[in-house]
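This report refers to the structure that appears directly beneath it.
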Amino acid sequence: MTVTASPRAHTAQQRVAGPTGALLPAVAGILVATAVWWTITTVLTAPDSMLRAFAPQHALPAVVDLARQGVLLDDVATSLWRLLVGLLVAAVLGLAIGLAVGLLPLLDAATGPVFQFLRMVSPLSWAPVAIGLFGIGHRPVYFLVAAAAIWPIVLNTIAGVRSIDPGFLLAARSLGATRAEALTTVVLPAIRPHVLTGLRLALGIAWVVLVPAEMLGVTSGLGYEILNSRDQLAYDQVMALILVIGLLGFVLDTLARWLLSGR
C-alpha cells in the first residue's frame, strides 16, 4: 500500500525547509566571496603590496575601530539623513510631475524629449552647479540625491497613469466625481504599485549617488570619511567603510522591499 502525504502536510514541510533552504546558499555564497577576497588580497599579492591593507583580516577589525572612535555612527546618521531628505524631495516632485505628464497628453508630448535628455545626464555632472547654487554643506548633497532619484519615480508614475483603463475615469465622472475625487479614488490607488516600484528603484540609485556626492564640499558622511581615510593612507579603514556602505545598502533595500511590497 502506498501512502501519499496530504497537500497540507507537504505545504508545512515546505514552510519548515524554505527558510533553511534559502539561507544555506546565501551563507555559502558569502563564505565563497570572502575566501576569494582573502585569496586575492593575501595569497596572490606581494608582501609589500598596498592591496594587502584591503584584506578581510584588516578591514573587519577596522570597522570595530571606527565604531569605537565614535566616528562611524555619526557618519552613518548624517548619510541616512541626507538620503531621506533627498528622497522626500524626489518623491514629492516626481509624483506631481508624473501625474501631470500622465494625465495631460499635450504636456507629455512637450516634456518627452526634455525628460529623456535630462535623465541620461549623470547626476554627479550637476555637482559644480549644485555647489555654485547652494555652496558647501548639506544642500548640494540633497540636490544631487534628488536629481538622481526623481526619474524612476517620474517614469513609473507616468507608466502607472497610462495603464489605467479610461473606462474607470469615465465611470467616475458619470457618477458625478470631480477631478480631485477621480484623482484620489481612481488614479492614485491604481498607480500605487508603479509608484512603489519607482520609490524602490529611486532608493537604490540615491544610495549609490550619495557616497560620491559626499566627497564634494562636505566634512561629514560616509563618502567624506572614505576620502579622509584615504588621505591618511588608512586603507584598511577605506575597505571597512566600503563594507559598511554595502551592508547599509543591503539593509535599506531589504526594508524597502518589505515596506513597499504593496501588502
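Letter by letter, the sequence shown follows residues -16 to 246 of this note's numbering. Every residue, glycine too, gets a C-beta built ideally from N, C-alpha and C.
Residue i in three-state terms, based on DSSP
i	result
Trp241	helix
Thr61	helix
Ser212	helix
Val234	helix
Glu197	coil
Thr161	coil
Ala217	coil
Gly120	coil
Leu27	coil
Val(-1)	Reliability of the predicted coordinates at Val(-1) is poor, the pLDDT of 43 falling under 50, and no value is obtained from them.
Gly187	helix
Thr202	coil
Rounded C-alpha distance that separates residue i from residue j
i	j	result
Ala73	Thr237	20 Å
Phe37	Val221	8 Å
Leu182	Ser32	42 Å
Ala130	Gln52	33 Å
Ala45	Gly200	25 Å
Ala110	Ala92	29 Å
Ser146	Ala154	16 Å
Thr17	His41	13 Å
Phe98	Met198	27 Å
Val47	Val75	38 Å
Pro96	Met103	11 Å
Pro144	Ser157	According to the sequence shown, residue 144 is Val rather than Pro. Near 20 Å, if we compare the C-alpha coordinates of Ser157 and Val144.
Thr94	Val15	48 Å
Leu226	Ala142	36 Å
Val26	Gly118	46 Å
Alpha helix (DSSP H) segment containing residue i, residue limits
i	result
Ile114	110 to 117
Phe37	Element bounds for Phe37: n/a, residue is neither H nor E.
Asp148	Segment: none, Asp148 is in no alpha helix (DSSP H) and carries neither H nor E.
Gln52	Neither: Gln52 is in no alpha helix (DSSP H) and is coded neither H nor E.
Gly95	88 to 102
Which listed residue (the options) has its alpha carbon closest to that of residue i
i	options	result
Val124	Arg102, Ala11, Leu205	Leu205
Ile136	Thr24, Gly81, Leu43, Pro39	Gly81
Tyr207	Ala217, Ala42, Asp58	Asp58
Pro195	Leu224, Val46, Gly181	Leu224
Leu231	Trp190, Arg240, Leu116, Val112	Trp190
Leu242	Leu186, Leu56, Ala9, Val104	Leu186
Leu216	Gly12, Phe233, Leu6, Leu34	Leu34
Phe126	Ser105, Thr161, Ala142, Thr140	Ser105
Trp308	Gly159, Leu89, Gly150, Val178	As displayed, the chain neither begins before -16 nor continues past 246, which places residue 308 out of reach and without an answer.
Val68	Ile228, Ala132, Thr180	Ala132
Heavy atom of the ligand GDP within 8 Å of residue i beta-carbon
i	result
Ser32	In the structure shown, the ligand GDP is absent, as is every other ligand, since no ligand is present at all.
(request) Check whether the region 203 to 220 touches the region 166 to 182, taking contact to mean three or more Cβ pairs, one atom from each stretch, closer than 8 Å. (result) no
(request) Give a yes or no on contact between the region 48 to 67 and the region 161 to 172, applying the rule of three or more CB pairs nearer than 8 Å. (result) no
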